[in-house]
Structures are given as structure tokens and as C-alpha cells.
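Heads up, the final residue of the sequence shown is numbered 267 in the working numbering, and it's a clean run with no missing numbers.
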Amino acid sequence: MSSAQLYDTIGATYTVTRRTEPRIAEQIWTALGDAQTVLNVGAGTGSYEPPRLDVTAVEPSAVMRAQRPADAAPCVDATAESLPFEDQSFDAAMAFATIEHWQDPIAGLREMQRVARRVVVFAYDASGPDPFWLNRDYLPEFASLWAGRPSLPELAGAIGARTEPVLVPWDCADGFYHAFWRRPEAYLDEHVRRGMSIWVRVGPDAEQRAVHSLRDDLGSGRWARRNRDLAGLDAAELGLRLLIA
């Protein structure tokens, strides 16, 4: 399933739980440096688009484009792998939590580098041990989603990028997959899960098994005993990274 098809399927209620997390946004905007013109690739409904800058968005899903606010940046129907812009048209190109859906991530990154002098991409590093309890204890299928995909070091190498860790605050405002690491009850909420593409990608059987097991462990206190070390943490390192080139 292409990125456009996926979000045409699941994106109708995306704005219910997905919004800009200010602390992560600040890290992304800092990485953009002195850019004045910014291309947002796989822009979705417009979260993380920097205010006061000249932003152009690219989004292949009509459902997602339709949910962009009236005052959002202009949005072009295109994919990362074939950006309809001249070389070096922008000061910077950014992408947030979208590269895992691209058909050819390396081609997409190289296109971003072609049209902009700076590239900033929020991505997940699947190359090391997974520190997230949800995958470890309830959704082992998560690991299979990255099989056959370029690793984060390979992606970084393709455009000469450095990597920077992105910590997830315990009260993260954006309901992406890793956001509720200290609020496990949120994963029991159907509306919350519908804002996360992971569940569609692993399929309904894996989703329901994970949800039922988590509900049982929360009720019995087993989750709290297993994860007591999380109680005092303000932010967690869960393998999220910025690629900056």
C-alpha cells in the first residue's frame, strides 16, 4: 500500500490526536538553521510546519490535504521520490514521521537534497535494540515492518547526514506511536490508535492481541511492575532521530 493509499484509508480522523508537540518542534526548527523557505515533504495536515517562514507542503493523500487548516501553507499533490521543483528551490526541506511510508526512502532523501540546501528528517532507528515496552511485550510484529528497508545509518549515509536523538516527553501533545510510553492506558483507546499508522500496518489480529494483553496487564498491575523505572522519567529515548544534512 502506498503512502497516499494508507492515509486515504486511515487519515479521516487524523487531526483528533495528531498535533504539533512544541518541544519536538523546537528541535526541528532549530535544525532548519537560518532557512527562510522550507519544503515540508509528506506534510499531512500541517503539524510541525514552522511559523513565520515561507513554507510549501507536499502531500500525496487527498484525505490528508483536505484536513489542512485554511491558513496552512500551500500544498502540492506529489511524492517524495519525484518532487516537482527545480534544483535548490528551497533553503531547507523537512519531513516528519513519513519516511517509513515512502516506496524508496533513499530516492526521496536525495530528491529533498536536490531541491534544498539543507535536509531535516524525523525518523526511527530500527538498527539497535528496541527500548519500547509496547513492542517488547505486546507487539513483536513492529520489528518486521522494518525488514528489507534501508537502515538509519544507510539513510544517513545516502545524503551525508548526521543524526540527533529526539527524546519523547512524558506528556507529549502529539499522539504518534511512541508518545504514550508513560501513559499506557492511551493505547487501549480506539481513537488514539487510529491516529497511528502502525496498527493498520501490522493488521487487526496483532492489534487486538496487543490491546487485550495490555488491558489485562494494566488491570493486574503487571505492566506497572515491569515498567516501574519509567515512573519518574520526564522524557524517554525510544530510538527517534533527526537526520540533518
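All residues carry an ideal CB built from backbone N, CA and C; glycine is no exception.
Cα atoms of phenylalanine 118 and alanine 95: separation of roughly 16 Å, rounded to the nearest angstrom. For the 8 Å CB-CB criterion, alanine 138 and alanine 114 form a contact. Phenylalanine 154 has no beta-bridge partner at all, per DSSP. In this model, valine 77 and leucine 240 are separated by some 43 Å (Cα to Cα).
For the pair glycine 197 and aspartate 109, the Cα-to-Cα distance works out to about 35 Å. Remark: C-beta atoms of methionine 116 and valine 142 approach each other more closely than 8 Å.
Counting along the chain, leucine 131 sits inside the alpha helix (DSSP H) bounded by residues 127-137.
Listed in chain order, the beta strand (DSSP E) runs fully inside the stretch 164-217 are 184-187, counting runs of at least 3 residues. Where aspartate 239 is concerned, the enclosing alpha helix (DSSP H) starts and stops at 226-242. With contacts defined as CB atoms closer than 8 Å, glutamate 103 and glutamate 133 qualify as a contacting pair. Rounded to whole angstroms, alanine 228 and aspartate 211 show a C-alpha spacing of 16 Å. Comparing alpha-carbon positions, the option among Ala246, Thr59, Thr67 lying closest to arginine 41 turns out to be Thr67.
Put simply, the backbone Cα of leucine 265 is about 34 Å away from that of alanine 246. Of Asp56, Arg45, Ala57, the smallest CA-CA separation from serine 69 is found for Arg45. Classified as buried, glycine 130 has 16 or more neighbouring CB atoms from the shown chains inside 10 Å of its CB.
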